[in-house]
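**Student:** Below is one structure. I have some questions about it.
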Amino acid sequence: MDFASLRQTVLKYNPNANLALIERAFEFAKEAHAGQVRDSGEEYMSHLYGVAMTLAELHMDSVTLAAGLLHDCLEDTPIKPERLRDVFGDEVFELVQGVTKSASINFGDKEEKRAINIRNVLLATAKDIRVIIIKLADRLHNMRTLKFVSPDCQSTIAKETLDIYAPIAYKLGMHKIKAELEDLAFRYLEPQMYQEFKQRMGKKRDERQKEVDKFMMLLDTELKRLKIPARIFGRAKHFYSIYKKMQRKNLRFEEVTDLSAVRVITTSVENCYRILQFVHTRWKPIDGKLDDYIADPKPNLYQSLHTEVWSDDHTPVEVQIRTLEMHHIAEEGIAAHWRYKGTERDKRFESKINWLKQILTWKRESKDAKGFIESLKVDLFQDEIIVFTPKGDAISLREDATPIDFAYAVHSSIGDHCVRGKVNGRVMPLDTTLHSGDVVEIMTKPDARPSRQWLKVVKTSLARNKIRHALGIPVHDQQDARQEDVPSEAAILSKVSVQALKKQDLRYARCCSPAMYDSIAGFEQKDGKVAIHKRDCKNLSLLEHNKCVVASWDEEKREGIQADIDVYVKDRVGVLVELLNHVSSRRINVLSIHTKQVKDLVKISLTFDVPSEAIGLELMKVLGTVHSVHHVAWERRPSRQKSFIVPRLRLGT
């Protein structure tokens, strides 16, 4: 942990680096944190050094490296802000201040405090993207050393990492950091699953590697013969990404084939397509498995050619082909793009950080930091599209966004006064779903105002919060109300019974998040405690069946609520039966059904008895996914009426 190693790493990618600044920051931090130790027993400086090395691996500039070394000075040492600014200047100081947690928060709600700190970091990031790059390097080192903190702390930090920091890394195209954060979080949130997964996947990967090595050797030989310069290597896919794919596609271990991919790095875009042509000539391509992210880059700047072919051993092999610049951007995302483009930030780069800039506008409306974070989580997990203004400016939105979402993303005054939109030159309804590449123009009137109906149409938190603000609806009320009605993990576990076990010996399985009165089962863990899963949780099928135990809900009076859900659908044969199938399969009591024509839609009003609002909200989301459903709205009140159970129905009956 000496400066010489850091200096050597920096000089490899930047011979002109300001080494004097970095070394001054190194010595300053070492003195400021003298005598401080980490939970691991190591000197505190080991953490700062680890952060700086990660930033160096990302090839960051000298100012960012200095700020990485100093990022805890204002929070954990007596160093005053004025002194830090005097010694290192405004640029370094602003970055350090951006990463620093709020020292002024003294109240006892730890969750609220963490939410405020995350929000403040993101607000600083909207001004300088390097703030979040430093924060991600900081979080990565903390996750690497997480084994030294208490189990409760491990769980909290790992969940926050999976919910917030890994998705941010993905949004910024920093795939290498995102993948490691996810795997580390997976390890602490699902330790038993992680170890079994690691053991079984490791064994299968070893068996598969011989086939991949043979494929790479053949490809390398042929490309040399064709005189196409290329570097070929294998890439093992990360546990968490494979685990999520198994869940998404309902696969067993034995059915997973793409444990690794072949990556080809070449010198030009032309060579990328030449290599693709050769691969498809030499090996049989698999239908539907070609993706051209060079011609159509992902919103997070990712570019590459992806294809899958049948190897000579009749097994599928994934091949990824890209240039060296594309490879750096794929691995490092915004950090690499910043390096390649310098100050010439193109429109796609601006669109990539646009969602961070929008966070500044949320600060005024979002009085509740926890509500802010919950809204952020929703947007982080949405796929993105890039659409354009008539002048060619790129706007990044979630994939199902509407012209209203676009209008608010451009400016709140445009959103507040919009009356119609043009998509690719044609006037379209304001609830039209936009697609990547669309050119969108918004027409406004000075006297136009937002409508409450827009709240049922818009998809982004930014637009929703702006509309509520314009209508005088408190932005945080709905979020708070829902949080109050959704039972906590502890409240749910308090209702669970497992023979011969006390309540404190139960754990809540976050992989499937069982709600009150779902069908449940338990899994005995190594420490003797039992994790409570949904009975149909895909993880249970991956675990040892002899460790599964019977779990049930305590027999007591269940105080339900009455929910009136209005489902607006485009009329088609069988849609009502399909909706009722979803209801009856969850054993939810139906009190009444009414239908009514509303313009070009049919309004189906369903009244239910549900055990809790959490279950009602879950049902509402499920009904919203049914084909032909336009949107779903609901309200609730205490349950009074006698209920009946709708018999299980099947489509076509």
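So the number in the numbering used here is just where the residue sits in the sequence shown, counting from 1, plus 23. The beta-carbon is built from N, C-alpha and C at its ideal position, and this holds for glycine as well.
1. Determine, using beta carbons only, whether T425 and K468 come nearer to each other than 9 Å.
2. Mind checking which residues open and close the alpha helix (DSSP H) that includes P339?
3. I believe L642 touches V606 by the beta-carbon criterion, under 8 Å. Please report the beta-carbon distance rounded to the nearest angstrom.
4. Just the Cα atoms here: how many angstroms apart are R286 and I139?
5. By DSSP's criteria, T618 is part of a beta bridge. Which residues make up the other side?
6. Taking only the alpha-carbon atoms, compute the straight-line gap between T648 and H337 and give it to the nearest angstrom.
7. Less than 6 Å between C-beta atoms, sequence neighbours within five positions excluded: which residues of the same chain meet that for H351?
8. Could you please give the first and the last residue of the uninterrupted beta strand (DSSP E) stretch that includes K543?
9. Buried or exposed, going by whether 16 or more other CB atoms sit within 10 Å of the CB of Q326?
10. Given F51, which residues of its chain have a CB within under 6 Å of its CB, disregarding the five upstream and five downstream residues?
11. Between the Cα of G356 and the Cα atoms of N562, K194 and L249, which residue gives the shortest distance?
12. Could you say which of E245, R153 and Y266 lies nearest to A208 if we only look at CA atoms?
13. Using CA coordinates, which residue listed in T244, K321, V463 and C571 is at the minimum distance from R254?
14. For G121, count neighbouring C-beta atoms within 10 Å of its own C-beta (all shown protein chains included) and say buried if the count is 16 or more, exposed if not.
15. Quick test of the definition: if touching needs 3 or more C-beta pairs under 8 Å, does the region 148-165 touch the region 69-83?
16. Considering just the uninterrupted stretch of the beta strand (DSSP E) at G444, what are its terminal residues?
17. Figure out for me which residue from A79, S517, K247 and V573 has the closest Cα to the Cα of V33.
18. Quick check: what's the CA-CA separation for K247 versus L324?
19. Roughly how many whole angstroms lie between the Cα atoms of Y431 and T148?
20. Would the beta-carbon of K199 fall within 9 Å of that of A189?
21. Which residue wins for smallest C-alpha separation from I588, given the options W576, H617, K570 and K561?
22. Measure the Cβ-Cβ separation of K549 and C535 and say whether it is below 9 Å.
23. Relative to the alpha-carbon of I679, which residue among I515, A586, Y591 and N569 has its alpha-carbon at the smallest distance?
24. Taking the straight line between their C-alpha atoms, what separation do you get for D206 and F262?
25. Between the C-alpha atoms of V572 and G545, what's the straight-line distance to the nearest angstrom?
26. CB F340 to CB F238, shorter than 9 Å?
27. Helix, strand or coil for H56, going by three-state DSSP, please let me know.
28. Which ranges does the alpha helix (DSSP H) cover as unbroken runs of at least 4 residues, wholly within the region 463-499, from first to last along the chain?
29. Does the beta-carbon of T184 have 16 or more other beta-carbons within 10 angstroms, so that it is buried, or is it exposed?
30. Who are the Cβ neighbours of F256 in its own chain at under 7 Å, not counting the five residues just before and after it?
31. Which two residues bound the contiguous beta strand (DSSP E) that contains A253?
32. Could you tell me whether the Cβ atoms of Y217 and Q177 are closer together than 9 Å?
**Tutor:** Once the coordinates are examined:
1. The answer is no: Cβ separation not under 9 Å.
2. Element bounds for P339: not the alpha helix (DSSP H) but the beta strand (DSSP E), P339 to T346.
3. About 7 Å separates the beta carbons of L642 and V606, which is inside the 8 Å limit, making them a contact pair.
4. One Cα belongs to R286, the other to I139, and the distance between them is close to 41 Å.
5. DSSP lists I627 as partners of T618.
6. Computed Cα separation, rounded: 37 Å.
7. Excluding sequence positions up to five before and after H351, its CB lies within less than 6 Å of the CB of A359, all in the same chain and listed in chain order.
8. It is worth fixing the name first, because residue 543 is Ile in this sequence and not Lys. Segment I543 to E547, the beta strand (DSSP E) holding I543.
9. When all chains shown are included, Q326 counts as buried.
10. Its chain contains no residue whose beta carbon lies nearer than 6 Å to that of F51 once the 5 sequence neighbours on both sides are disregarded.
11. If we check each option's Cα against that of G356, K194 comes out closest.
12. Restricting attention to E245, R153 and Y266, the CA atom closest to the CA of A208 is found in Y266.
13. Of the listed residues, the one whose Cα sits closest to R254 is T244.
14. If you draw a 10 Å sphere on the C-beta of G121, you find 16 or more other C-beta atoms in it, and that means buried.
15. Contact between the region 148-165 and the region 69-83 is present, because at least three Cβ pairs lie under 8 Å.
16. It spans C441 to V446 - the beta strand (DSSP E) in which G444 sits, taken as one unbroken run.
17. With distances taken between CA atoms, V33 lies nearest to A79 out of A79, S517, K247 and V573.
18. Their backbone Cα atoms lie some 30 Å apart in a straight line.
19. Y431 and T148 have their alpha carbons spaced roughly 20 Å apart.
20. Not a contact, by the Cβ cut-off of 9 Å.
21. For I588, the closest C-alpha among the options W576, H617, K570 and K561 is that of H617.
22. By the CB criterion at 9 Å, K549 and C535 fall outside the cutoff.
23. Residue 679 falls outside the range modelled here, since the chain spans only 24 to 676, and no answer is possible.
24. When the Cα atoms are used, D206 and F262 turn out to be separated by approximately 6 Å.
25. If you draw a straight line from the Cα of V572 to the Cα of G545, it is about 5 Å long.
26. Note that residue 340 is Val in the sequence shown, not Phe. In this structure, V340 places its C-beta atom within 9 Å of the C-beta atom of F238.
27. DSSP places H56 in coil when its eight states are reduced to three.
28. Restricting attention to alpha helix (DSSP H) runs no shorter than 4 residues, the region 463-499 encloses them at 484-494, ordered along the chain.
29. Counting Cβ neighbours within 10 Å, T184 comes out buried, since at least 16 surround it.
30. Cβ contact annotation for F256 (same chain, cutoff 7 Å, sequence separation greater than five): R286, in chain order.
31. Note, A253: beta strand (DSSP E), A253 to A259.
32. Contact flag unset, no.
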